[in-house]
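Presented below is the structure to which this report refers.
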Amino acid sequence: MRGPLFYSKILLFGEYGIIKDSKGLSIPYNFYNGALKIDKHHTVSTHKSNASLKRFAEYLETLQKENPKLVSFDMNALKKDVENGLYFDSSIPQGYGVGSSGALVAAIYDKYANNKITVLENLTREKLLSLKAIFAEMESFFHGKSSGLDPLNSYLSLPILINSKDNIEPTGIPSQIENGKGAVFLLDSGSTGETAPMVQIFMENMKQEGFRNMLKDQFVKHTDACVEDFLQGDIKSLFGNIKQLSKVVLDNFKPMIPAQFHKLWKKGIDSNAYYLKLCGSGGGGYMLGFTEDIDKARKALKDYKLEVVYTF
């Protein structure tokens with residue numbers, strides 16, 4: 176058995192903000208993907224994934240008992256496949272903010288959910304929201320609290336525009352320009368990040384009024400503006416807003432930025448060669464970079480590994 180491929184994702188805008196109803200924009204990233212497979216020989220290399228799927232299956236069984244209206248699975252088939260050596264064969268790096276658990280959740284739902292909502296039917300807002308709710312519950316097994324957006328992106332393989340918690344829609348994004356000088360890139364921090372502790376720090380900070388005001392008046396404001404600018408292809412305005420967003424993150428989200436990157440982050444803002452922002456919850460993994468001149472950015476970041484994901 177080999178299941179269909181599910182892709183990684185990049186949340187271009189909206190990390191943390193979407194918890195507080197900012198806009199968000201998430202795009203599939205086809206460079207990384209994963210698929211369910213069965214390893215009949217139970218080799219050492221697939222053991223860890225298989226053991227994790229066994230625990231996940233137990234969690235899903237409990238989930239459908241506690242919330243039968245939300246979702247139900249063909250548990251017999253899932254358990255049998257796990258016994259036979261089911262594992263998730265994935266190139267998506269874990270703890271890097273590109274949705275490794277999201278792709279796995281999408282793959283399990285696709286293969287084992289009863290009465291599943293398929294990508295081929297007319298995706299009404301209700302259907303999108305119920306998929307998102309199902310995925311949020313499924314993915315919370317991996318990191319405590321999930322919005323369900325990563326699996327949704329992976330499952331649909333479409334860019335998703337988040338207008339607010341209860342208003343999401345598939346969207347088109349401006350087509351890329353071949354050899355465009357402007358680029359969105361991933362910058363490898365060289366270490367993995369854990370989502371749960373980062374979200375916990377954020378939730379603690381949310382108890383302070385000053386932090387809440389900053390989030391609403393600055394972070395959400397610039398995030399929303401970035402989403403609008405990006406979708407409309409207004410590059411000049413986009414870079415003005417990204418620069419502001421990058422500053423706000425450096426000033427207020429320091430624990431989420433690996434310490435050795437604080438200077439590099441500031442260097443981008445001061446030189447205008449590139450602007451960095453969080454990719455996912457931060458703490459490690461990838462950071463997301465935006466530049467109007469990729470050659471200039473490469474030069475300024477010559478000691479680091481850049482991966483271009485979008486050009487304009």
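For what it's worth, the numbering used here labels the leading residue of the sequence shown as 176, then goes sequentially. Note that CB positions come from ideal geometry on N, CA and C, so glycine has one too.
Per DSSP, T486 lies in no alpha helix (DSSP H); the unbroken beta strand (DSSP E) holding it starts and ends at L481 to T486. Nearest to T486 by alpha-carbon distance, out of W440, I352, G443 and R387, is I352. Along the stretch 180 to 264, the alpha helix (DSSP H) occurs as fully enclosed runs of 4 or more residues at 219 to 241 and 250 to 258, listed in sequence order. A direct Cα-to-Cα measurement between V374 and G274 gives close to 15 angstroms.
With contacts defined as CB atoms closer than 9 angstroms, S201 and G189 qualify as a contacting pair. In the three-state reduction of the DSSP assignment, N416 falls in the helix class, which pools H, G and I.
Contact annotation: the stretch 299 to 307 does not touch the stretch 215 to 224, with fewer than three C-beta pairs closer than 8 angstroms. By the Cβ criterion, the stretch 277 to 290 is in contact with the stretch 309 to 317, since at least three pairs of Cβ atoms, one from each stretch, lie closer than 8 angstroms. Here H397 is buried, its C-beta having at least 16 other C-beta atoms within 10 Å. By alpha-carbon distance to D445, the top candidate from A472, L333, F248 and G458 is A472.
Taking Q407 as reference, the option from P349, K418 and V423 with the minimal CA-CA separation is P349. Counting only unbroken stretches of 4 or more residues, the alpha helix (DSSP H) elements lying wholly within the stretch 318 to 403 are 324 to 331, 370 to 380 and 384 to 389, in sequence order. DSSP places Y449 in the coil class of the three-state scheme, outside both helix and strand. Per DSSP, the unbroken alpha helix (DSSP H) holding Y284 starts and ends at S275 to Y287. Secondary structure note for K474: its alpha helix (DSSP H) is the uninterrupted segment I469 to A475. Within the DSSP secondary-structure output, T466 pairs in a beta bridge with A358.
Per DSSP, the beta bridge partners of R177 are K212. The beta carbon of S224 sits closer than 7 angstroms to those of Y262 and F263, all from its chain and outside the five residues before and after it, given in chain order. Contact annotation, F405 with L187: C-beta distance approximately 7 angstroms; criterion of less than 8 angstroms satisfied. In the DSSP secondary-structure assignment, Y461 is bridged to D363.
It is roughly 42 angstroms from the alpha-carbon of Y284 to the alpha-carbon of A448. DSSP places K291 outside both helix and strand once states are collapsed to three, so it counts as coil.
When C-beta atoms of the stretch 339 to 349 are compared with those of the stretch 244 to 257, fewer than three pairs fall below 8 angstroms, so the two segments do not count as touching. Contact between G459 and Y450 does not hold, since the beta-carbon distance rounds to 20 angstroms and is not under 8 angstroms.
Within the same chain, N427 come within 6 angstroms of M389 by CB-CB distance, once the 5 residues on both sides are set aside. Within the model, the alpha-carbon separation for G368 versus N259 is close to 32 angstroms.
Here the C-alpha atom of L331 lies approximately 11 angstroms from the C-alpha atom of K307. In this structure, the beta-carbon distance from V484 to I267 does not fall below 9 angstroms. Ranked by Cα distance from K452, the first of L180, Y191 and R177 is Y191.
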